[in-house]
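For the record, the sequence lines run as chains S and C. Per our numbering, the very first residue in the first sequence carries number 1; after that it's consecutive. Per our numbering, the very first residue in the second sequence carries number 1; after that it's consecutive.
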Amino acid sequence: SQTIHQWPATLVQPVGSPLSLECTVEGTSNPNLYWYRQAAGRGLQLLFYSVGIGQISSEVPQNLSASRPQDRQFILSSKKLLLSDSGFYLCAKRLAGEAEQFFGPGTRLTVL
Amino acid sequence: QKEVEQNSGPLSVPEGAIASLNCTYSDRGSQSFFWYRQYSGKSPELIMSIYSNGDKEDGRFTAQLNKASQYVSLLIRDSQPSDSATYLCAVNRGGGYQKVTFGTGTKLQVIP
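See below:
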């Protein structure tokens with residue numbers, strides 16, 4: 001996770017407020033990037049993945065969106081947070097030609 | 001049937017013993033298999049990858065894969081209190097973006 005940065009580390013937001021979580025990776029070019037959410041007592045849920053700048057695929061319908069404005073930057077956003085959006089948000093990267101995914105340190109989001 | 005199943009535990013073993021963690025998966029097309037360790041409040045850390053039937057050893061860790069039985073396991077020899085964590089099994093079917101499906105994890109407690 002040393003080459004993947006996420007901020008903020010923790011966040012408390014009211015219902016209905018907007019959200020912006022940022023992930024940046026170091027070193028490699030054109031990595032595949034992923035956003036996961038881990039809710040309390042549940043497994044990791046893939047939210048979005050990106051194979052390149054401006055290329056975003058969504059795994060589940062929800063009020064979240066993602067963008068990749070630069071090769072090593074991946075952003076998760078929401079216009080209006082729901083209580084159910086609370087969780088541990090993890091950014092992961094995968095290098096081209098390899099199968100392993102590596103995680104950043106995560107952002108713990110609490111929606112009140 | 002869940003795509004990746006793990007016993008949630010907790011699995012309690014005494015210090016110095018062998019801990020055995022098990023995982024089954026439903027997709028016969030799965031190609032890559034991973035074990036992640038997740039300490040409480042932290043992000044998952046990749047500890048083992050295995051791609052072919054048999055055993056793969058790395059230090060105190062041994063991953064075992066049986067594709068015919070759709071079964072993958074992780075053995076931890078000489079368990080230490082620092083091994084106490086949740087262990088996530090993950091399965092990759094391959095393909096364009098290398099989707100990885102995670103189990104909900106087994107909590108391991110190593111008793112001093």
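Beta carbons: idealized from backbone N, C-alpha and C, even for Gly.
N- and C-terminal bounds of the beta strand (DSSP E) containing residue i
i	result
residue 69 of chain S	64 to 70
residue 90 of chain C	85 to 92
residue 118 of chain C	This structure cannot speak to residue 118 of chain C, because chain C is shown only from 1 to 112.
residue 7 of chain C	It is not in any beta strand (DSSP E) - residue 7 of chain C carries neither H nor E in the DSSP assignment.
residue 26 of chain S	Counting along the chain, residue 26 of chain S falls outside any beta strand (DSSP E), and DSSP gives it neither H nor E.
residue 73 of chain C	71 to 76
residue 57 of chain C	54 to 58
residue 37 of chain C	32 to 38
residue 109 of chain C	106 to 111
residue 14 of chain S	First-last for residue 14 of chain S: undefined, no H or E at that position.
Distance, residue j Cα to residue i Cα
i	j	result
residue 69 of chain S	residue 63 of chain S	20 Å
residue 18 of chain C	residue 91 of chain S	32 Å
residue 60 of chain C	residue 75 of chain C	8 Å
residue 24 of chain S	residue 30 of chain S	12 Å
residue 33 of chain C	residue 99 of chain S	9 Å
residue 38 of chain C	residue 14 of chain S	28 Å
residue 58 of chain C	residue 72 of chain S	31 Å
residue 32 of chain S	residue 19 of chain S	23 Å
residue 114 of chain S	residue 87 of chain S	The structure shown has nothing for residue 114 of chain S, since chain S only spans 1 to 112.
residue 10 of chain C	residue 43 of chain C	19 Å
residue 80 of chain C	residue 34 of chain S	32 Å
residue 78 of chain S	residue 65 of chain S	6 Å
residue 7 of chain C	residue 35 of chain C	14 Å
Proximal residues of chain C, C-beta to C-beta of residue i below 9 Å
i	result
residue 46 of chain S	99, 100, 101 and 102
residue 54 of chain S	By Cβ distance, chain C contributes nothing, its closest Cβ being about 15 Å from residue 54 of chain S, past 9 Å.
residue 68 of chain S	Those within 9 Å of residue 68 of chain S in chain C number zero; the least Cβ separation is about 13 Å.
Contacts of residue i in chain C (Cβ-Cβ under 8 Å)
i	result
residue 63 of chain S	What residue 63 of chain S touches in chain C: nothing, since even the nearest Cβ is about 22 Å away.
residue 42 of chain S	104
Contact list for residue i against chain C, beta-carbon separation under 7 Å
i	result
residue 94 of chain S	98
Just by C-beta distance, which residues in the region 24 to 52 of chain C are closer than 7 Å to chain S? Here the close residues are 32, 34, 43, 44, 46 and 49.
Contacting positions in the region 97 to 112 of chain S - beta carbon closer than 7 Å to chain C: The residues in question are 99, 100, 101, 102, 103, 104, 105 and 106.
Using a Cβ-Cβ cut-off of less than 7 Å, give me the residues of the region 76 to 92 of chain S that come near chain C, in sequence order. Within the region 76 to 92 of chain S, the qualifying residues are 90.
At a CB distance below 9 Å, what residues from the region 89 to 108 of chain C approach chain S? Give them in sequence order. Under the 9 Å Cβ criterion, the region 89 to 108 of chain C contributes 90, 92, 94, 96, 97, 98, 99, 100, 101, 102, 103, 104 and 105.
Can you list the beta strand (DSSP E) stretches of 3 or more residues lying completely in the region 36 to 110 of chain S, in chain order? Every unbroken stretch of the beta strand (DSSP E) spanning 3 or more residues and falling wholly within the region 36 to 110 of chain S is given here in chain order: 44 to 52, 55 to 58, 64 to 70, 73 to 78 and 87 to 94.
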